[in-house]
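Visitor: One structure coming up, written as structure tokens, with questions to follow.
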Amino acid sequence: MADTLITPSTETPALDRIWFTRCPVPTATGLAYKLGWLNEEFAADKLPVETLQESTTELRRHHYDHRLPSLIREGGNILAFGARSQGEPTKLVGLTWIEEWQTILVRPDSGITKPEHLKGKRLALPTWTDHAIPSHQRGSSISRGMSLAGYKGALASAGLTFDDVELVEVSSNRAAPVQDLAGGNRASASNLAGLWALQRLIDGDVDALYVKGAAAVDAAKKLGIVVGINLDHLPERRFRVNNGTPRPITVHQSLIDNHFDVLTRFLYQTLRAADWARDNLSGVRDILQSETRGSAEAVKEAYSDDALQSLHPTLDDERLALFDHQKKFLWLHGFIDNDFDLSDWVDPRPLEAARNRLISEG
161 MADTLITPST
171 ETPALDRIWF
181 TRCPVPTATG
191 LAYKLGWLNE
201 EFAADKLPVE
211 TLQESTTELR
221 RHHYDHRLPS
231 LIREGGNILA
241 FGARSQGEPT
251 KLVGLTWIEE
261 WQTILVRPDS
271 GITKPEHLKG
281 KRLALPTWTD
291 HAIPSHQRGS
301 SISRGMSLAG
311 YKGALASAGL
321 TFDDVELVEV
331 SSNRAAPVQD
341 LAGGNRASAS
351 NLAGLWALQR
361 LIDGDVDALY
371 VKGAAAVDAA
381 KKLGIVVGIN
391 LDHLPERRFR
401 VNNGTPRPIT
411 VHQSLIDNHF
421 DVLTRFLYQT
431 LRAADWARDN
441 LSGVRDILQS
451 ETRGSAEAVK
461 EAYSDDALQS
471 LHPTLDDERL
481 ALFDHQKKFL
491 WLHGFIDNDF
501 DLSDWVDPRP
511 LEAARNRLIS
521 EG
């Protein structure tokens, strides 16, 4: 009997649904989903679009580790860098930049109103997170990473360094659960006080602490503490580089290799949503109350009209340079395990294809 020749299968792996995740901040991805455009795009394919924020706790873990091949993630860069540095085969397909109320809070009588006033002060530094995913303990210490980057930017804008201040390590009083960072819980003043250790500021144990986002606006007002330094007002973007500035859109290499058209169509709808936002600011703000977990007043204060008209992802040279700056900062301070070449991570083709479709159908 002759040997049977077995040839490798070239069949594309099946895709039974599209998963996506985003952080509780303004994103074109979140807008496209809330507007129903993502589900409409794939309805004829009978391909559901589902979000980790509305899934099980077990699936929400993938907001951290990106170990879900069909996942499209628009979220903070600390986790994205961490997953890549630990060997996940992800690709960077877009970067957004939105000012998101990055501030340094102080007591009303502190006298701290500008970066140079931080010299000699005690700044709260959240401890490393005791996280349920041991291999991602450092990479998931988001509040610590954001605080360090926020202080560095403020100090640098005044010609100061960490040598000019005292960093006081403070406990966040709890391990941040998976659903918090994946956007599954409604924020409140009490749980934000725990996450950022606001009570240590109120009690006078520290002189200032970093926070960000619409929900933090509400928490600060409720607790009677005030903005000493608004990092969004600093003169150069490099002083505001942090977990969400720039914010990456990442996907698995397998999604690009096997379902390039699906990814392109998804990104096309996010570009449409970013265009829609330009002319529908009141509608955007309505959606953002649920997306950011903040009140209407907090959303208005945290996100300017200009910011909400600039939700489009790009891979331009400036954003990539700022993103590389953040990577080096995180590696230096121990938030990622291994350094890597940023250019090897970038794949501009899906976003280019999505933008070409938008132009052709415009």
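Numbered according to the working numbering, the sequence shown spans residues 161 to 522.
From the three backbone atoms N, C-alpha and C, an ideal C-beta is built for every residue, glycine too.
1) G388 by DSSP, collapsed to three states: which one?
2) Per the contact definition of three or more C-beta pairs closer than 8 Å, is the segment 378-395 in contact with the segment 256-270?
3) May I ask you to check if the CB of Y463 is nearer than 8 Å to at least one heavy atom of the ligand FAD?
4) Mind checking whether F241 and I496 have CB atoms under 9 Å apart?
5) Less than 8 Å between the CB atoms is what I'm expecting for K281 and D365, so what's the real figure, rounded?
6) In this structure, does DSSP put F180 in helix, strand or coil?
7) The alpha helix (DSSP H) spanning I157 covers which residue range?
8) Taking 7 Å as the limit between beta carbons, can you name the residues of its chain near G305, skipping five residues before and five after?
9) Based on the DSSP output, what are the partners of Y370 in its beta bridges?
10) Could you check if S303 is buried or exposed, using at least 16 other CB atoms within 10 Å of its CB as the buried criterion?
11) Please report how far the alpha carbon of Q429 lies from the alpha carbon of V401, in whole angstroms.
12) Rank T181, A174, R182 and T189 by C-alpha distance to the C-alpha of R425 and give the top, closest one.
13) Helix, strand or coil: which one does DSSP assign to K251?
14) Tell me whether T256 sits in a helix, a strand or coil according to DSSP, three-state version.
15) Pull up the distance between the alpha-carbon of A513 and that of I519, whole angstroms please.
16) If L231 sits next to W179, beta carbons under 8 Å apart, how far is it from one beta carbon to the other, in whole angstroms?
17) Between the segment 408-416 and the segment 241-253, do at least 3 Cβ pairs fall closer than 8 Å?
18) Are the CB atoms of L475 and L511 nearer to each other than 9 Å?
19) If you draw a straight line from the alpha carbon of T287 to that of Q486, how long is it in whole angstroms?
20) Taking Cβ to Cβ, would you say T181 is nearer than 9 Å to E234?
21) What residue does the alpha helix (DSSP H) around L285 start on, and which one ends it?
22) Quick check on the burial criterion: 16 or more other C-beta atoms within 10 angstroms. Buried or exposed for Q359?
23) Could you pull out every residue in the same chain whose Cβ sits closer than 7 Å to the Cβ of L212, ignoring the five residues on either side in sequence?
24) Is there at least one Cβ from chain B nearer than 9 Å to D378's Cβ?
25) Can you tell me whether I362 is helix, strand or coil according to DSSP?
26) Applying the 10 Å Cβ sphere with the 16-neighbour rule, what's the burial state of F483?
27) Give the DSSP-derived three-state secondary structure of R397 in the structure shown.
28) In angstroms with no decimal places, state the Cα-to-Cα distance between K274 and H393.
29) Taking C-alpha atoms, which residue in A467, S503, L502 and V371 lies nearest to T123?
30) I'd like the list of long-range same chain contacts for N390, defined as Cβ closer than 6 Å, with 5 residues on each side in sequence excluded.
31) Roughly how many angstroms lie between the CA atoms of H419 and D176, to the nearest whole one?
32) Quickly, what does DSSP pair L175 with across the bridge? List them, please.
33) Taking only the alpha-carbon atoms, compute the straight-line gap between I293 and D225 and give it to the nearest angstrom.
34) In its own chain, which residues sit with a C-beta less than 6 Å from the C-beta of A318, not counting the 5 before and 5 after it?
35) Name the two residues that bound the continuous beta strand (DSSP E) containing P510.
36) What are the boundary residues of the beta strand (DSSP E) that includes I232?
Guide: From the atom records:
1) DSSP places G388 in the strand class (E or B) of the three-state scheme.
2) Taking a cut-off of 8 Å on C-beta distances, the segment 256-270 touches the segment 378-395, as three or more cross pairs fall below it.
3) This structure lacks the ligand FAD; in fact it carries no ligand of any kind.
4) Closer than 9 Å, so yes.
5) No, K281 and D365 are not in contact; Cβ-Cβ is about 12 Å, not under 8 Å.
6) Strand at F180.
7) As displayed, the chain neither begins before 161 nor continues past 522, which places residue 157 out of reach and without an answer.
8) Within the same chain, G305 has close Cβ partners I238, N403, L490 and F495.
9) In DSSP, Y370 forms a bridge with I264.
10) So S303 counts as buried.
11) Straight-line Cα distance between these residues: approximately 27 Å.
12) The closest CA to that of R425, considering only T181, A174, R182 and T189, is found on T189.
13) Correct three-state label for K251: strand.
14) In this structure, T256 counts as strand in the three-state DSSP scheme.
15) Distance between the alpha carbons of A513 and I519: 10 Å.
16) Contact between L231 and W179 is confirmed by a C-beta separation of about 5 Å, below the 8 Å threshold.
17) At 8 Å Cβ cutoff, the stretches touch.
18) Taking C-beta atoms as the reference points, L475 and L511 count as a pair closer than 9 Å.
19) One C-alpha to the other measures close to 20 Å.
20) Yes, Cβ-Cβ distance for T181 and E234 is below 9 Å.
21) For L285, there is no enclosing alpha helix (DSSP H); the enclosing beta strand (DSSP E) has its first and last residue at R282 to P286.
22) Exposed, since its Cβ has fewer than 16 Cβ neighbours within 10 Å.
23) Excluding sequence neighbours, L212 sits near W179, T181, L219, R220, H222, H223 and A342.
24) Judged by its chain identifiers, the structure shown contains no chain B, having just a single protein chain.
25) Three-state DSSP puts I362 in a helix.
26) Result: buried.
27) Secondary structure at R397: helix, using DSSP grouped into helix, strand and coil.
28) Those two C-alpha atoms are separated by around 10 Å.
29) Outside the modelled stretch of the chain, which goes from 161 to 522, sits residue 123, for which no answer is possible.
30) Around N390: T263.
31) Straight-line Cα distance between these residues: approximately 12 Å.
32) As far as DSSP is concerned, L175 takes part in no beta bridge.
33) With a pLDDT of 49 at I293, under the threshold of 50, the modelled position of this residue cannot be trusted, and the question is left open.
34) Apart from the 5 residues on each side of it in sequence, A318 sits with its Cβ closer than 6 Å to the Cβ of P275 and E276 in its chain, given in chain order.
35) P510 -> not in any beta strand (DSSP E); alpha helix (DSSP H) instead, spanning R509 to E521.
36) Per DSSP, I232 belongs to the beta strand (DSSP E) from L231 to E234.
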